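Enquirer: Residue numbers (our numbering): 81 to 452.
Glycine included, C-beta positions come from ideal geometry on N, C-alpha and C.
Every value quoted in this text rests on a predicted model; they were computed, and no experiment measured them.
Shown below is the structure under consideration.
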Ligand SMILES: [Zn+2]
Ligand SMILES: [Zn+2]
């Protein structure tokens, strides 16, 4: 039977042989000492004397390294806890380490962190307390500075051909802008924001923090509402390196007709309710309920007369269903019975039906969905 014996290099006491650390495992240079010598100078926790944190007083971002980081902290105490836990070092030989922290607010920008650590080292339970004062330096991050300075580097103009954009298009455009910004924020882009949204007589102008956002919004608007966009650059300044800085304007032009509009292509088959203007204009004939699609060369702008909008329709009494193709309704203006075309979307059992009276006559229109 062999007994491996080693001696403490500091006091000369015999110590039991310690297992070699596994390859790659950090090696504590003091591991050869006996327990008494080892614990004499042992620190469970390595803590800085004090921590200074730069925090954006507007958005709560924290400056780390050379950049601002969103930490999602609720308050300065949260930030202080986070920074202290980042800054503390636990001894590599310690196991089962737990810590508790008691923040003590000293003044508005100083929080004294009382931290108590427990851990297992060489089979002994250790307890250690450290106090780390955290000083909060309130500043303004780059993004908030830019927001406060109304900074923008692209503009999205929303206009429509031969009309002004509808309320749905204006609201939709704003929503899309905020969605795009949220998407970009979610990918960690701190510089994405909407600087300003303003309605004009012709439509909507939106100022955006970067060109990339402007382009994304313009493309998404066309995807959603049809039409097309062009971009143009304006030289605004030179940056500190002498590079030219351009501001890009994305001019979105929506098609002449929008969904919900009722038009007459004057081809002898009666008015059409516009359903989509993405690609070729598509709609529903008010006389029959059949589909209508503009020819390829007409695209989203077929030659047509504007008659009104689905929202202008009124409910009127359905007097009688005459046959497959005709019904009698009350004219909502004169209250006289009139025989008009019966489209296949009309509910023949209804007591009232929505109708639109226009220059093209009286037509039964589809029921409006609740969200329109
Ligand atoms: Zn010793
Ligand atoms: Zn900020």
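(1) Rank 395, 389, 368 and 352 by C-alpha distance to the C-alpha of residue 374 and give the top, closest one.
(2) In the DSSP assignment, find the alpha helix (DSSP H) that holds residue 301 and state where it starts and stops.
(3) Residue ranges of each beta strand (DSSP E) run of no fewer than 3 residues wholly in the region 341-386, ordered along the chain?
(4) Check whether the Cβ of residue 220 sits closer than 7 Å to any heavy atom of ligand 2, and report yes or no.
(5) Would you check if the distance between the CB atom of residue 181 and the CB atom of residue 195 is smaller than 8 Å?
(6) Does ligand 1 have a heavy atom nearer than 7 Å to the CB of residue 113?
(7) Go through its chain and collect everything with a Cβ distance to residue 428's Cβ below 6 Å, but skip five positions before and after it.
(8) Can you grab the Cα-Cα spacing for the pair residue 228 / residue 270, in whole Å?
(9) Locate the beta strand (DSSP E) running through residue 204, then write down its first and last residues.
(10) Can you tell me whether residue 446 is helix, strand or coil according to DSSP?
(11) Can you tell me which of 110, 224 and 212 puts its alpha carbon nearest to the alpha carbon of residue 148?
(12) Among the residues of its own chain, which have a CB less than 6 Å from the CB of residue 82, if the five just before and after it don't count?
(13) Can you check the region 234-273 for any alpha helix (DSSP H) of at least 4 residues that lies completely inside it and give the ranges in chain order?
(14) Taking the C-alpha atoms as reference points, what is the distance between residue 438 and residue 140?
(15) Just how far apart, CA to CA, sit residue 452 and residue 362?
(16) Let me know the secondary structure DSSP gives residue 417 once reduced to three states.
(17) So what's residue 109 in DSSP terms, helix, strand or just coil?
(18) Using a Cβ-Cβ cutoff of less than 8 Å, which residues in the same chain neighbour residue 350 once the five nearest sequence positions on both sides are dropped?
(19) With residue 228 as the anchor, note down where its beta strand (DSSP E) starts and where it stops.
(20) Across which residues does DSSP place residue 196 in a beta bridge pair?
(21) Have a look at the DSSP bridge pairing and note the partners of residue 285.
Expert: To lay it out plainly:
(1) The residue labelled residue 374 in the question sits at position 294 within the chain shown. Of the candidates 395, 389, 368 and 352, 352 places its Cα closest to the Cα of residue 374.
(2) What you label residue 301 is simply residue 221 of the chain shown in a count that begins at 1. Membership of residue 301 in the alpha helix (DSSP H) is indicated by the continuous run 291-305.
(3) Counting whole runs of 3 or more residues, the region 341-386 contains the beta strand (DSSP E) stretches 341-344, 352-356, 362-365 and 371-373.
(4) Taking the first residue of the chain shown as 1, we reach residue 220 at position 140. It does: the Cβ of residue 220 is within 7 Å (strictly closer) of some heavy atom of ligand 2.
(5) Locating residue 181 in the chain shown gives position 101, where the first residue counts as 1. Locating residue 195 in the chain shown gives position 115, where the first residue counts as 1. Result yes, Cβ atoms of residue 181 and residue 195 sit closer than 8 Å.
(6) In the chain shown, residue 113 corresponds to position 33, counting from 1. Because some heavy atom of ligand 1 lies under 7 Å away, the Cβ of residue 113 counts as near it: yes.
(7) Translated into the one-based positions of the chain shown, residue 428 becomes position 348. Counting only residues of its own chain and dropping the five nearest sequence neighbours on each side, residue 428 has a CB closer than 6 Å to the CB of 401.
(8) Position 148 of the chain shown holds residue 228. Position 190 of the chain shown holds residue 270. Straight-line Cα distance between these residues: approximately 15 Å.
(9) Translated into the one-based positions of the chain shown, residue 204 becomes position 124. Unbroken beta strand (DSSP E) run through residue 204: 204-219.
(10) For the purposes of this step, residue 446 is identified with residue 366 of the chain shown, where counting begins at 1. DSSP places residue 446 in the coil class of the three-state scheme, outside both helix and strand.
(11) Stepping through the chain shown from its first residue, residue 148 is reached at position 68. Ranking the options by Cα distance to residue 148, first place goes to 224.
(12) Within the chain shown, the letter at position 2 stands for residue 82. Legend: pLDDT at residue 82 = 49, less than 50; position of this residue unreliable, no value from coordinates given.
(13) Those alpha helix (DSSP H) runs which fall completely within the region 234-273 and span 4+ residues are 247-266.
(14) As a working mapping, residue 438 is identified with position 358 in the chain shown. As a working mapping, residue 140 is identified with position 60 in the chain shown. The alpha-carbon atoms of residue 438 and residue 140 are separated by roughly 57 Å.
(15) Stepping through the chain shown from its first residue, residue 452 is reached at position 372. Stepping through the chain shown from its first residue, residue 362 is reached at position 282. For residue 452, the pLDDT reaches just 44, beneath the cut-off of 50, and the residue's location in the model is therefore unreliable, although a value from the coordinates is still provided. Near 18 Å, if we compare the C-alpha coordinates of residue 362 and residue 452.
(16) Against the chain shown, residue 417 aligns to sequence position 337. Three-state result, residue 417: strand.
(17) As a first step, residue 109 is located in the chain shown; it is residue number 29 there, counting from the start. Here residue 109 sits in helix by DSSP.
(18) By one-based count along the chain shown, residue 350 stands at place 270. Counting only Cβ-Cβ distances below 8 Å, and skipping sequence neighbours, we find 344, 365, 366, 367, 368, 421, 440 and 443.
(19) As a working mapping, residue 228 is identified with position 148 in the chain shown. Where residue 228 is concerned, there is no enclosing beta strand (DSSP E), although the alpha helix (DSSP H) around it starts and stops at 222-228.
(20) Here residue 196 corresponds to residue number 116 of the chain shown, with the count starting at 1. Residue 196 pairs with 180 and 209.
(21) For the purposes of this step, residue 285 is taken as residue 205 along the chain shown, with counting starting at 1. Its beta-bridge partners are 237 and 278.
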